[in-house]
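What follows is one structure encoded as structure tokens, with my remarks underneath.
There are 2 protein chains.
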Amino acid sequence: MVGRTLATRLVALGHRVTMGSRRAGNEAAAAWAAGAGEAAAEGSFADAAARGDLVVNATAGTASVAALVSAGADNLAGKVVVDVANPLDVSAGLPPTLSVCNTDSLGEQIQRRFPSARVVKTLNTVNCEVMVDPSLVPGSHTMFVAGNDAPAKADVRALLESFGWPADDIVDLGDIAGARGMEMYLPLWLRFWQATGTGHLNVKLARRA
Amino acid sequence: MVGRTLATRLVALGHRVTMGSRRAGNEAAAAWAAGAGEAAAEGSFADAAARGDLVVNATAGTASVAALVSAGADNLAGKVVVDVANPLDVSAGLPPTLSVCNTDSLGEQIQRRFPSARVVKTLNTVNCEVMVDPSLVPGSHTMFVAGNDAPAKADVRALLESFGWPADDIVDLGDIAGARGMEMYLPLWLRFWQATGTGHLNVKLARRA
Numbered sequence: 003m004v005g006r007t008l009a010t011r012l013v014a015l016g017h018r019v020t021m022g023s024r025r026a027g028n029e030a031a032a033a034w035a036a037g038a039g040e041a042a043a044e045g046s047f048a049d050a051a052a053r054g055d056l057v058v059n060a061t062a063g064t065a066s067v068a069a070l071v072s073a074g075a076d077n078l079a080g081k082v083v084v085d086v087a088n089p090l091d092v093s094a095g096l097p098p099t100l101s102v103c104n105t106d107s108l109g110e111q112i113q114r115r116f117p118s119a120r121v122v123k124t125l126n127t128v129n130c131e132v133m134v135d136p137s138l139v140p141g142s143h144t145m146f147v148a149g150n151d152a153p154a155k156a157d158v159r160a161l162l163e164s165f166g167w168p169a170d171d172i173v174d175l176g177d178i179a180g181a182r183g184m185e186m187y188l189p190l191w192l193r194f195w196q197a198t199g200t201g202h203l204n205v206k207l208a209r210r211a
Numbered sequence: 003m004v005g006r007t008l009a010t011r012l013v014a015l016g017h018r019v020t021m022g023s024r025r026a027g028n029e030a031a032a033a034w035a036a037g038a039g040e041a042a043a044e045g046s047f048a049d050a051a052a053r054g055d056l057v058v059n060a061t062a063g064t065a066s067v068a069a070l071v072s073a074g075a076d077n078l079a080g081k082v083v084v085d086v087a088n089p090l091d092v093s094a095g096l097p098p099t100l101s102v103c104n105t106d107s108l109g110e111q112i113q114r115r116f117p118s119a120r121v122v123k124t125l126n127t128v129n130c131e132v133m134v135d136p137s138l139v140p141g142s143h144t145m146f147v148a149g150n151d152a153p154a155k156a157d158v159r160a161l162l163e164s165f166g167w168p169a170d171d172i173v174d175l176g177d178i179a180g181a182r183g184m185e186m187y188l189p190l191w192l193r194f195w196q197a198t199g200t201g202h203l204n205v206k207l208a209r210r211a
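Taken in order, these protein sequences are the chains called A and B. Residues 3 to 211 (our numbering) make up the first sequence, in order. Residues 3 to 211 (our numbering) make up the second sequence, in order.
Below, the structure is given as structure tokens:
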């Protein structure tokens with residue numbers, strides 16, 4: 003769902019998108035590609051990573067490293083890898099726990115496993131509808147980016163702005179270890195969701211000027 | 003520092019406060035009590051808990067359960083215990099990690115250890131200056147409460163309002179398991195602090211009306 007929402011928005015913005023799956027010909031991916039116009043295609047994770055100038059990891063967090071291994075380190079080398087996943091583990095029921103946290107994060111795991119990739123963690127702190135249309139949440143509210151590569155973060159900022167995130171609402175949390183805080187925020191997000199009854203929510207960073 | 007800041011504000015608001023320490027006669031506590039007027043006193047954790055109608059846990063999170071054991075379960079029974087602590091572990095250096103998280107929280111540990119106490123987690127998501135004076139952060143921003151006992155949460159809401167938190171900015175995250183999200187937010191808070199250079203910061207919950 004996250005991948006489809008992002009891919010649809012990217013196509014609408016004029017990008018060419020290949021939706022990757024474990025195997026080329028995945029039914030849901032093929033259905034999406036068939037309905038999304040000429041700029042949309044589908045293929046294996048490796049096909050998608052090889053074709054893309056920029057790679058989005060929108061897989062389940064607990065499967066993300068395996069999916070990226072399947073995509074191929076050579077296909078990720080030098081590229082911006084936008085990691086929007088959360089390592090939510092529902093194997094023991096609800097509420098989900100995190101399969102990695104506290105001393106590490108999924109964003110860091112991906113960066114370590116693929117040192118030539120330029121990993122930027124972002125968007126994982128909102129639901130996919132808000133990711134691509136921040137106006138669904140009234141007022142100004144904050145999106146975070148974290149990563150080791152400043153030009154990669156600048157590219158991702160530009161992408162976020164094209165989704166509708168105002169430049170002033172995008173906060174740089176520093177290196178990829180900032181992913182730890184962004185992922186550990188999820189349990190609070192889940193409680194917000196329960197308390198408010200809407201997934202169209204976010205937080206705004208308020209601070210002394 | 004957190005305890006002194008809260009205690010000073012509580013005295014200013016007309017409450018009588020006993021600052022508890024591991025042993026009665028703690029130098030810093032005695033100095034505070036001597037300077038804080040007739041409504042201020044100091045004593046052991048047990049003295050403080052026995053005297054108080056309401057107990058505030060403002061100890062280091064990694065020492066909180068031990069401090070409350072020292073305070074005495076009988077002295078906590080039936081009372082509102084406001085837990086503002088964070089289980090930050092700096093024993094392996096910075097950034098701190100959490101000594102408990104993901105599948106449990108300090109708030110839950112305290113509630114389980116003292117089942118007759120009416121534990122309310124709150125205030126741990128801001129620094130102590132903001133706790134007692136939310137106007138230090140411009141605009142509206144959000145404070146959370148979590149706990150199993152609704153009347154206890156109502157008492158804590160009233161206390162928060164007396165500190166200056168507008169009623170509309172206090173969000174109930176449900177039972178004490180909500181402490182998990184509130185404590186796991188700390189790594190994000192620490193990154194905010196690094197990114198903004200001020201501890202006078204908080205988040206505002208923004209959502210579809």
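All C-beta atoms in this analysis are idealised placements derived from N, C-alpha and C, irrespective of residue type, glycine included. Here the structure is a predicted model, which is why all the values come from computation and not from measurement.
Give the DSSP-derived three-state secondary structure of residue i in the structure shown.
{"i": "residue 206 of chain B", "result": "strand"}
{"i": "residue 200 of chain B", "result": "coil"}
{"i": "residue 15 of chain B", "result": "coil"}
{"i": "residue 155 of chain B", "result": "helix"}
{"i": "residue 85 of chain A", "result": "strand"}
{"i": "residue 3 of chain A", "result": "coil"}
{"i": "residue 148 of chain B", "result": "strand"}
{"i": "residue 181 of chain B", "result": "helix"}
{"i": "residue 22 of chain B", "result": "strand"}
{"i": "residue 211 of chain A", "result": "coil"}
{"i": "residue 110 of chain B", "result": "helix"}
{"i": "residue 142 of chain A", "result": "coil"}
{"i": "residue 128 of chain B", "result": "coil"}
{"i": "residue 42 of chain A", "result": "strand"}
{"i": "residue 64 of chain A", "result": "helix"}
{"i": "residue 77 of chain B", "result": "helix"}
{"i": "residue 116 of chain B", "result": "coil"}
{"i": "residue 191 of chain A", "result": "helix"}
{"i": "residue 10 of chain B", "result": "helix"}
{"i": "residue 168 of chain A", "result": "coil"}
{"i": "residue 27 of chain A", "result": "coil"}
{"i": "residue 49 of chain A", "result": "helix"}
Quick check on this structure: which residue in the options has the alpha carbon closest to the alpha carbon of residue i?
{"i": "residue 113 of chain A", "options": "A/100, A/138, A/148, A/129", "result": "A/148"}
{"i": "residue 208 of chain B", "options": "B/18, B/96, B/127, B/171", "result": "B/171"}
{"i": "residue 10 of chain A", "options": "A/27, A/37, A/25, A/28", "result": "A/37"}
{"i": "residue 126 of chain A", "options": "A/141, A/115, A/120, A/109", "result": "A/109"}
{"i": "residue 156 of chain B", "options": "B/31, B/84, B/198", "result": "B/84"}
{"i": "residue 81 of chain B", "options": "B/97, B/59, B/93", "result": "B/59"}
{"i": "residue 160 of chain B", "options": "B/7, B/6, B/12", "result": "B/12"}
{"i": "residue 139 of chain A", "options": "B/25, B/206, B/33", "result": "B/206"}
{"i": "residue 179 of chain B", "options": "B/154, B/193, B/123, B/162", "result": "B/123"}
{"i": "residue 56 of chain B", "options": "B/22, B/29, B/34, B/39", "result": "B/22"}
{"i": "residue 173 of chain B", "options": "B/135, B/152, B/145", "result": "B/145"}
{"i": "residue 142 of chain A", "options": "B/31, B/210, B/150, B/18", "result": "B/210"}
{"i": "residue 195 of chain B", "options": "B/176, B/119, B/152, B/97", "result": "B/97"}
{"i": "residue 6 of chain B", "options": "B/137, B/136, B/35, B/192", "result": "B/35"}
{"i": "residue 48 of chain B", "options": "B/40, B/151, B/26", "result": "B/26"}
{"i": "residue 190 of chain A", "options": "B/181, B/197, B/151", "result": "B/181"}
{"i": "residue 121 of chain B", "options": "B/31, B/151, B/135", "result": "B/151"}
Pull up the DSSP beta-bridge partners for residue i, would you.
{"i": "residue 91 of chain A", "result": "A/99"}
{"i": "residue 56 of chain B", "result": "B/82"}
{"i": "residue 174 of chain B", "result": "B/147"}
{"i": "residue 122 of chain A", "result": "A/84, A/149"}
Report whether the distance from the Cβ of residue i to the nearest heavy atom of the ligand MG is below 6 Å.
{"i": "residue 140 of chain B", "result": "The ligand MG is absent from the structure shown, which contains no ligands of any kind."}
Would you check if there are 3 or more beta carbon pairs closer than 8 Å linking the stretch 55-69 of chain B to the stretch 82-98 of chain B? With a cut-off of 8 Å, the stretch 82-98 of chain B and the stretch 55-69 of chain B count as touching, because enough Cβ pairs lie within range.
Validate contact between the stretch 29-46 of chain A and the stretch 163-176 of chain A using beta carbons, cut 8 Å, 3 pairs: In the pairwise beta carbon analysis, the stretch 29-46 of chain A is classified as not touching the stretch 163-176 of chain A: fewer than three pairs are separated by under 8 Å.
Evaluate contact between the stretch 99-113 of chain B and the stretch 173-189 of chain B, counting only Cβ atoms and requiring at least three cross-stretch pairs below 8 Å. By the Cβ criterion, the stretch 99-113 of chain B is in contact with the stretch 173-189 of chain B, since at least three pairs of Cβ atoms, one from each stretch, lie closer than 8 Å.
Between the stretch 68-86 of chain A and the stretch 50-57 of chain A, can you find at least three pairs of beta-carbon atoms closer than 8 Å? The stretch 50-57 of chain A makes contact with the stretch 68-86 of chain A; the number of CB pairs closer than 8 Å reaches 3 or more.
Any C-beta of chain B within less than 7 Å: which residues of the stretch 165-186 of chain A qualify? Listed in sequence order: 173, 174, 175, 176, 180, 182, 183, 184, 186.
In the stretch 86-114 of chain B, which residues sit with their C-beta less than 7 Å from some C-beta in chain A, listed in chain order? Of all residues in the stretch 86-114 of chain B, those with a C-beta nearer than 7 Å to a C-beta of chain A are 99, 100, 103, 104, 105, reading in chain order.
Evaluate the contact criterion for the stretch 195-202 of chain A versus the stretch 120-140 of chain A: three or more CB pairs, one atom per stretch, below 8 Å. Pairwise C-beta distances place the stretch 195-202 of chain A in contact with the stretch 120-140 of chain A, as three or more of them are shorter than 8 Å.
Closer than 7 Å, Cβ to Cβ, to anything on chain B: give me those residues from the stretch 131-150 of chain A, in chain order. Flagged, chain order: 138, 139, 140, 141, 143.
When Cβ atoms are compared, which residues of the stretch 191-207 of chain B fall closer than 8 Å to chain A? Within the stretch 191-207 of chain B, the qualifying residues are 191, 192, 193, 194, 196, 197, 198, 200, 202, 203, 204, 205, 206, 207.
Under 9 Å (Cβ pairs) to chain A, residues found in the stretch 63-77 of chain B: For the stretch 63-77 of chain B, which is checked against every Cβ of chain A, not one residue is closer than 9 Å.
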